[in-house]
Amino acid sequence: MPIPNPILDDRSYQQLRDELVRRIPVYTPEWTDHNASDPGITLIELFSFLGENLLFRFNQIPEATKLAFLRLLQVPLRPAVAARALITMSADVPQGLLVPQGAAAKAGNLQFETVTEVKAYPVKLTAVGRISSPTPDKVQDPEGYDFAVRALDAIGPLPVDQKPVYYHNEIVPPDGGGLPVDFSATVDGMLWMAVLSTKDKDVEIQKNKKDLGKAVLNIGFIPDLIVPSIDEVIVCPGARVAPNDPAVEWQASTGKIDKNTGQPTYLKLTVVGDTTRGLNQEGIVRLRLPNALVEQDGVTPILGNFNSPDIDIDKRGTGQFPPLLDDETENKILFWIRAFRLNKSRIGKMQFIGINATEVVQTTRAVAEFLGVGNAQANQRFKLVHRPVLEESLVIEVEEGNRFVPWKTVDGFFASTPDDRHFIVDLEAGEVRFGNGIQGYCPQIGQRIRALEYRYGGGSAGNVPSKAINKISDFAVKDVQNPLRAYGGGDSETIDAALVRIPGELRRHDRTVTSGDFQELALATPGANIGRAECLPRFYPPTRTTERAGVVSVVVWPKDDPSHPNAPLPDRNLLRDVCAYLDQRRLVTTELYVIPPTYHKVAVSVGVHVKPGFGVEAVRQWVELVLRQYLAPLPPYGPTGQGWPLGRRVHGPELEAAALQVEGVEFLEGLEVIGFNEQTQVWTQGTVLLAIYEVPELTEITVVEGTPLPAGQTIVPPPGKTPVPIPTIRQEC
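In C-alpha cells:
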C-alpha cells in the first residue's frame, strides 16, 4: 500500500463557503439576505477562494522543511572532486632541480599541487617499440631488403632454434597526441626508451651524463585510454587476495658487449616506487640509477650507449641491441632503458611515456587556521575559512594542557566512547562538529581549536585541456606541460540532486549489497560522468561465465564519447574511479570487476513504402533516426528509455514495429537484420542473439523506398623457434 501524503486540512471552497454562511445568524442576525447577489456573500466567496488556495499550499511540504529533515538525518551534500593530471618538465641545471611534493602548478588561475616529488634533469625521453613487419621484398623494397641482408650477415649464422623476425620502429607520441603504439605487436615484448641529453655540445652531453649518478628518474606512463574489451580489465585492487600486478624488469644499457655472445649487456635498475601497477594504469615509475655513469679516474663506465665505432654498424638494432634512431638523435643518447614483464605478457597500447614526470591534483593547501575555543557543550560546531574541503586532508588539533593534541576524523559518533578524540567534518560546508561527551569527547572550556592543515578546491573547471598546465610557481623549471587533459573533476552536489539521492542512501547505508546498490552507487561516482551502469552478479570476466560465487561485475558507459558516438566506451580513468569508489563500499567477500560494455556488431536494412503526401527523403531519415535511437545503449533511448538491455536479442519484427511508428510509413517492404560473428568473422542473417554481457552496435543502417538492399559485409581476419629481431627500413612521405 502506498504511503498517502498527509492532509492537514482537507476543506474545499464549497465547504468553507457553506460554513461561513451558517455562521451569519449567530454573529449578525440582522443580515437576512444570503443570496449570491448580496455584496457580503461575494466577500465570503472571495475569502473562501483565497482560503482554499492557502490550505492547498499548507498541505504541501516546502523545500525548507525537506532541508530541515536532511539536516536532522546528518547526511551532508557531496563535495567537489579534484581533477588529476600527469605533467612533465625539464631543467637547465646539470645537477637537476628538485620540485618537492606539494609544489604549486598553474593552469591560468587554477592551482594544482604535485603528488610526488620530482628532480628535473636536462634530459628527455624517446620511447620506441619494435613492431613486427613482413619480410622485405627484394623487388618492391630493394633498399630494405639489402639492409636486412647486411644485418643478418653481421650477426652470423643463427642456431637451429632461432629464426629472424623483422620489425620497424614506432615512436610513442612525445606530446601525447596521435595514435597510441601497440606494444603487444612488438617482436620482443619490450619497451625501449632512449634517455637523451637536451644539450648540444659533446662536452656538455658527457657532463650531463656524469651528473646523473645516483639520480632517481621519474618516468610518467599513460596507457591507451580506451579499453576495447573486458579481457583487459583486472580485478579492483581491494578485492585481491594477493597482489597480482605483473612484475616489470627495468634495465639500463651499459655500452659494453659480452665477449662470448657478442650481444650487449644491461644492468638491472632499482625501482623506488611504482603507481602504474606493472604498466597497467596511469602513474609514475621511479628508477634509481647507479653511482658511476662515465669513465673517470680509471673507473669502468656503468651506463652508456652502443654507438661506439668499434661496434659493427650493421649489428645495431639486431638481437639485444637497441633500436636504431636517426643520426641526430643517436648523438644525444646518454643510455637506453628497457622494460619487459617477467611473466612474458605484453604491455599493450601506450599513449604517452615521459621523463621528469609527476602527478598533480587541482587542490590548494590552506594555512593553519584558528577555529575557536571550546565551551564544554555537546555538538560544538566550527567553520573553516575555505570550502569545499577535500577528503582525508583535514588535521584538527585541540589544546590540552601545554600542548596541542591531534584528533581523529570519523564518519559518525556511533562507535565513539566518551574519551575518544573524534570529530566529523562536512566537506561541502567546511564545518567541523565534535561529540556530545557520551559519544565522542567534546572540547572543554578554554581549550583552543586549530586546523593545522587541509586542502580545498575541486570542481569540473579543473578538467583542463592538454598543455594547459604550463607553470610551476617558485621553481625555475621549464617546458612544463600536461600531455593529456586533466580528468576526474566534479562539482559539489546540488540540493535537488541530494533530495533525489537521500532516500536511496538511507536504504543502502552507503554499502553495496544488492544489484541495485552497485548500479546506483556506480552512477553516483563523483566526477566520473557516467551515463549508464548495469550489475551482473556472479559474472566472471576472464571466463565470461555467470557461475562464480562472490563475483560482481559492473558494466559502465560514459555519458558521451565523441570518438565512438554509436558505441560509447569508458576510458581507463573512468573505470579506475568507479572501481575505487565501489571498492570502498563492497562487502569484504565480494570480488569486484568494473568492465566496459561489449558490443555485438549489427547491420540493418529497411525497405519502406511511403504514404502519399509525404516526402520520401524525410521519411527515410526519420526511420533511420528511430532505429538508431531504439538500438542505442544510453538513456533516454532504447526500448524502455534505459538503453538497450544487456543480453536482449535483436529481433527483426521488433524493429519493424518501431519503424512503423514513424508518421508517413504506410508499410514495410522488408527489414533485414544481420549480426557479425567474432569467431568466424562472418556476418550472419536473422535474429541476432546476444550474450548476457553484450549490447548491439549499429555499424550500418540502410533505409530505401521499395525492396531493402543487402546489408553487411564479410570481414577478412588478419594473418596469424625463438625470434631474432632484424630491423627494416620504412619509407615515409
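Going by the working numbering, the sequence shown opens with residue 865, and the numbers climb by one from there. Quick reminder that beta carbons are idealized off the backbone N, C-alpha and C, glycines included. The structure presented is a predicted model; accordingly, all values stated were derived computationally and were not measured.
Start and end of the alpha helix (DSSP H) containing residue i?
i, result
"Cys1306", "It is not in any alpha helix (DSSP H) - Cys1306 carries neither H nor E in the DSSP assignment."
"Gln1485", "1480-1494"
"Ala991", "Premise fails: Ala991 lies in the beta strand (DSSP E), 987-997, not in any alpha helix (DSSP H)."
"Gln1517", "Per the sequence presented here, residue 1517 reads as Pro, with Gln not at that position. Element bounds for Pro1517: 1516-1523."
"Val1470", "Here Val1470 belongs to no alpha helix (DSSP H); instead the beta strand (DSSP E) covers 1462-1474."
"Glu1194", "1191-1194"
In three-state terms, what does DSSP make of residue i?
i, result
"Glu1223", "strand"
"Glu894", "coil"
"Arg887", "coil"
"Ser1379", "helix"
"Glu981", "coil"
"Phe1298", "strand"
"Phe1277", "coil"
"Asp1338", "coil"
"Asp874", "coil"
"Ile1288", "strand"
"Gly1041", "coil"
"Phe1085", "strand"
"Thr1409", "strand"
"Gln1184", "coil"
Starting from the C-beta of residue i, find all residues in its chain whose C-beta is less than 6 angstroms away, skip the five residues before and the five after it, and write them out in chain order.
i, result
"Leu880", "Ser912, Gly915"
"Thr1134", "Arg1152"
"Gly1534", "Gly1471, Pro1572"
"Gln1115", "Tyr1130, Lys1132, Arg1202"
"Ser1356", "Pro943, Ala944, Pro1252, Glu1292"
"Lys1196", "Leu1060, Ser1061"
"Val1045", "Gly993, Glu1034, Val1036, Met1214"
Under 8 angstroms from any heavy atom of the ligand ATP, does the C-beta of residue i make it?
i, result
"Val1418", "No copy of the ligand ATP appears in this structure; indeed no ligand is present at all."
Tell me which residue opens and which closes the beta strand (DSSP E) that residue i is part of.
i, result
"Arg1314", "1312-1321"
"Trp1271", "1267-1273"
"Asp1138", "1134-1138"
"Ala1444", "From DSSP, Ala1444 is part of no beta strand (DSSP E) but of the alpha helix (DSSP H) over 1436-1447."
"Gly1368", "Taken as a continuous stretch (DSSP letters only), Gly1368 belongs to no beta strand (DSSP E), being part of the alpha helix (DSSP H) at 1359-1372."
"Ile1538", "1529-1541"
"Trp1508", "Element bounds for Trp1508: n/a, residue is neither H nor E."
"Gln1026", "1026-1035"
"Ser1417", "1415-1422"
Run the CB neighbour count on residue i, radius 10 Å, all protein chains shown included, and call it buried at 16 or more, exposed below.
i, result
"Trp895", "exposed"
"Glu1558", "buried"
"Ala932", "exposed"
"Gln1184", "buried"
"Arg1436", "buried"
"Val963", "buried"
"Ile847", "With the chain covering only 865 through 1597, there is no way to say anything about residue 847."
"Thr1376", "buried"
"Ile1556", "exposed"
"Tyr1463", "buried"
"Ser1337", "exposed"
State the Cα-Cα distance for the pair residue i and residue j, rounded to the nearest angstrom.
i, j, result
"Ser997", "Gln1127", "23 angstroms"
"Leu1136", "Tyr985", "Going by the sequence as given, residue 1136 is Val instead of Leu. Their backbone Cα atoms lie some 17 angstroms apart in a straight line."
"Leu910", "Pro889", "20 angstroms"
"Tyr1320", "Gly1238", "25 angstroms"
"Thr1561", "Asp1095", "As written in the sequence, residue 1561 is Glu, which differs from the Thr given in the question. Taking the straight line from one Cα to the other gives about 19 angstroms."
"Asp1122", "Leu1055", "22 angstroms"
"Thr978", "Ala949", "10 angstroms"
"Gly1113", "Gln1244", "Rather than Gly, the amino acid found at residue 1113 in this sequence is Glu. Spanning the two alpha carbons is a distance of roughly 54 angstroms."
"Thr1062", "Pro1252", "42 angstroms"
"Leu1206", "Tyr1130", "15 angstroms"
"Pro1401", "Asn1144", "25 angstroms"
"Asn1430", "Thr1563", "8 angstroms"
"Thr1139", "Ile1148", "5 angstroms"
"Leu1524", "Pro1367", "40 angstroms"
"Ala969", "Phe1287", "32 angstroms"
"Glu1255", "Ala1350", "19 angstroms"
"Thr1227", "Gly1322", "6 angstroms"
"Gly1354", "Ala967", "22 angstroms"
"Leu1446", "Asp1290", "21 angstroms"
Take residue i and list the residues in its own chain whose beta-carbon comes closer than 7 angstroms to its own, dropping the five residues that flank it on each side.
i, result
"Tyr877", "Ser912, Phe913, Glu916"
"Gly1301", "Ala1242, Pro1282"
"Lys1247", "Gly1294, Glu1295"
"Val885", "His898, Ile908"
In chain order, what residues of the same chain lie with their CB nearer than 8 angstroms to the CB of residue i, ignoring the 5 residues before and after it?
i, result
"Val1529", "Val1472, His1473, Val1474, Lys1475, Val1483, Val1487, Ala1523"
"Thr1378", "Arg1372"
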